[in-house]
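Just below is one structure, and these are the notes that go with it.
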Amino acid sequence: MRVNVVIASVVAVVGLVVSFGTRAQAPQAAAGAARSAPAAAAPAGSAQPAGERPRVMRPPLFLKEDWKQIPGGGEHPVTPASIAGAGVELKLYGASSKEIQLTGADGDENNPTHVWTGLCTTPCGLALRDKARYVDLTGLARIRWNVKTSGFHSVRPIVKLADGTWLVGDHTDASMLDWLVGEFSIASLRWLKLDPERLVTTGNFVDKPDLSKVDEVGFVDLIPASGHGPGGWSDVAQIEIYGNAVKRP
């Protein structure tokens, strides 16, 4: 009789252990299945995975000007015939801007084909205009150019907006020692209004100008030049403008 009681007790204990182990394994198995299950697919048509930052695209090259030297080379006034790019117009600004010269030689890195402000007796500026397109200079738009200067002269970017407003940026490039390629982001600039005839700044800094439709892009030297030889002038060789094209109306 006592043996039967002991056997019954052992059977009951074993049953409890097996039952508890089964219940404990069930959540673990469910958790394991959840971990091994593939992640849910992103909804059809979604632009990017959830939580990932939007991808910012750098704009393409909109315009590049290397200048076109005449047969035989030498120094002479810059003219529309000096433009190498197709469909691009040359614009000169300032009372003595017709004195901007084209000089240098193609393929000569020590004296590349370039425009030179040395004969300007007033501030001089030059701009380029695509005949068929505006350029959008918002976002990651930028300008790259190759410059050399003398004295305290420097080169600044200028833009003409689609509504006719002229602006000059606070970025300057200058290099008295040698030709220097500079590149800068348009979004980093602060702008002042510019009188395109006198080439003087007017008013206070312009807060968030609309650069989504820019008609012309170029440079200005705000100091009168000193002539040939060391003293004061600016050279500008190739100019590259990176921005999205906007069709003109």
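Counting in our numbering, the sequence shown runs from 870 upward without gaps. Don't be surprised by glycine CBs; every beta carbon is placed ideally from N, CA and C. Just so we're clear, the structure is a prediction, and the values are computed from it rather than from any experiment.
Sorted by chain position, which residues of the same chain lie with C-beta nearer than 6 Å to residue i's C-beta, five sequence neighbours on each side aside?
{"i": "proline 981", "result": "Gly973 and Ala1106"}
{"i": "alanine 1043", "result": "Thr1018 and Ser1023"}
{"i": "arginine 1059", "result": "Asp1039 and Phe1074"}
{"i": "glutamate 927", "result": "In the sequence as presented, glutamate is not what sits at residue 927; that position holds arginine. For arginine 927, where only same-chain residues beyond five positions count, the Cβ hits under 6 Å are Leu1009."}
{"i": "leucine 1006", "result": "Ile1055, Leu1080, Val1083 and Gly1112"}
Does residue i come out as helix, strand or coil in the three-state DSSP assignment?
{"i": "glutamine 1027", "result": "With the sequence shown as reference, residue 1027 is identified as isoleucine, and glutamine is not the correct amino acid for it. Isoleucine 1027 falls in the strand class under three-state DSSP."}
{"i": "glutamate 944", "result": "coil"}
{"i": "glutamate 1085", "result": "strand"}
{"i": "isoleucine 969", "result": "coil"}
{"i": "isoleucine 1055", "result": "helix"}
{"i": "serine 951", "result": "helix"}
{"i": "isoleucine 1092", "result": "coil"}
{"i": "leucine 1006", "result": "coil"}
{"i": "glutamate 983", "result": "Contrary to the premise, residue 983 reads as histidine rather than glutamate in this sequence. In this structure, histidine 983 counts as strand in the three-state DSSP scheme."}
{"i": "glycine 956", "result": "coil"}
{"i": "serine 1103", "result": "strand"}
Could you check if residue i is buried or exposed, using at least 16 other CB atoms within 10 Å of its CB as the buried criterion?
{"i": "valine 930", "result": "Correcting the residue type first, residue 930 is leucine in the shown sequence and not valine. It counts as exposed."}
{"i": "glutamate 1085", "result": "buried"}
{"i": "glutamate 1066", "result": "exposed"}
Give the range of the beta strand (DSSP E) segment to which residue i is assigned.
{"i": "cysteine 989", "result": "Run containing cysteine 989: none; DSSP gives neither H nor E here."}
{"i": "alanine 1114", "result": "1113–1116"}
{"i": "asparagine 1073", "result": "1069–1075"}
Check the C-beta distance from residue i over to residue j and give it rounded, since I have them as a contact under 8 Å.
{"i": "glycine 1096", "j": "glycine 941", "result": "No, glycine 1096 and glycine 941 are not in contact; Cβ-Cβ is about 23 Å, not under 8 Å."}
{"i": "tryptophan 936", "j": "histidine 983", "result": "6 Å"}
{"i": "alanine 1031", "j": "lysine 1062", "result": "About 15 Å separates the two Cβ atoms, so there is no contact after all."}
{"i": "alanine 1114", "j": "arginine 1002", "result": "4 Å"}
{"i": "threonine 991", "j": "proline 1093", "result": "6 Å"}
{"i": "valine 1016", "j": "aspartate 1079", "result": "Not confirmed; about 28 Å, so no contact."}
Please go through the same chain and pick out, in chain order, the residues whose beta-carbon is closer than 8 Å to the beta-carbon of residue i, but skip the five residues on each side of it.
{"i": "leucine 997", "result": "Leu932, Glu934, Ile952, Gly954, Val957, Glu958, Leu959, Lys960, Glu1085, Val1086, Gly1087, Ile1108 and Ile1110"}
Here's a check: name, in chain order, each residue in its chain whose Cβ is nearer than 7 Å to the Cβ of residue i, leaving out the five neighbours to either side.
{"i": "glycine 994", "result": "Tyr962, Gly963, Ser966, Ile1027, Leu1068, Gly1087, Phe1088 and Val1089"}
{"i": "phenylalanine 1053", "result": "Arg1011, Ile1012 and His1040"}
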